Amino acid sequence: MTQVEVLQLLVSPAHRMAGRPSDGPSPGPSDERVTRVEVRRELGLVGDRYYARPAHRNAAVTIMASESLPAGTDLRHTRRNILLRGVDIDSCVGATISLDSGAGPVVFTVRRPARPCAWMDVTIGPGAQRALRGRGGVRCTPLSDGVLTLGPATFRVVAGADETP
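Numbers in the numbering used here are just positions in the sequence shown, counted from 1, shifted up by 1.
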């Protein structure tokens, strides 16, 4: 088990980064960050744009390590859902992980890397897409229902990958 911190949570009801990055993001809420998210098994985060969408069920939740980002960057810039400090989440591809922020463990299978796209050069800054290769976070499927909140949490690799992240 590893002690981590859930720094930010993002639930975005609309896909604001579609089309050409040079056109900029579509208008939307000024802050989609929340203090609490409800996770549903095999469906994703309640209220998120990918919740219960068949094409995204195997990768409905994205998790990223804050250590990969430049200072001042947050989830609104990356479009990831969960920002953690204290674990190399990118090394967990293929693993089953557990994250418990106090309401009980929420289990995810880490499916694949969340590759950075050209939008990162617009939202974070020039060169961000290249700099985040291999460190852009991971795409996950929730295997249990639960609640995650901001603050201290326990992270554990349940199975697969290197069980000591």
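For each residue, glycine too, the CB sits at the ideal point set by N, CA and C. Just so it is clear, the structure is predicted and the values come from calculations on it, not from any experiment.
>> So, for S67: in the same chain, excluding its five sequence neighbours on each side, which residues have a beta-carbon less than 6 angstroms away from its beta-carbon?
In response: L8, L84 and R86
> In three-state DSSP terms, what is E68?
Replying inline: helix
> Which one or two residues does DSSP pair with R101 in a beta bridge?
Replying inline: The identity of residue 101 in the sequence shown is Asp, whereas the question assumes Arg. Its beta-bridge partners are T155.
> DSSP on R131, reduced to helix/strand/coil?
Replying inline: helix
> Between the segment 87 to 104 and the segment 54 to 61, are three or more C-beta pairs nearer than 8 angstroms?
Replying inline: no
>> I'd like to check one pair, P153 with Q4: are the Cβ atoms closer than 8 angstroms?
In response: yes
> Straight-line CA distance for D75 to S69?
Replying inline: 11 angstroms
>> Tell me which residues share the same chain as T165 and place their Cβ nearer than 6 angstroms to its Cβ, disregarding the 5 neighbours each side in the sequence.
In response: Here T165 scores only 48 on pLDDT, less than 50, and its place in the model is too uncertain to base an answer on.
>> Measuring straight from C-alpha to C-alpha, what distance separates R41 and V47?
In response: 7 angstroms
>> Quick check on P55: does DSSP put it in helix, strand or coil?
In response: helix
> Roughly how many angstroms separate the alpha carbons of Y51 and G45, rounded to a whole number?
Replying inline: 7 angstroms
> In the DSSP assignment, what are the bridge partners of G147?
Replying inline: V40
> Excluding five sequence neighbours on each side, which residues of the same chain lie with their C-beta closer than 6 angstroms to the C-beta of R157?
Replying inline: M2 and S99
>> Out of T142, G147 and V108, which one is the CA nearest neighbour of P55?
In response: T142
> In the structure shown, what three-state DSSP assignment does C93 receive?
Replying inline: helix
>> On a Cα-Cα basis, can you pick out the residue from L144, V88 and R37 that is closest to T150?
In response: R37
> When you compare each of V12, E6 and V159 to V94 by their alpha carbons, which one comes out closest?
Replying inline: V159
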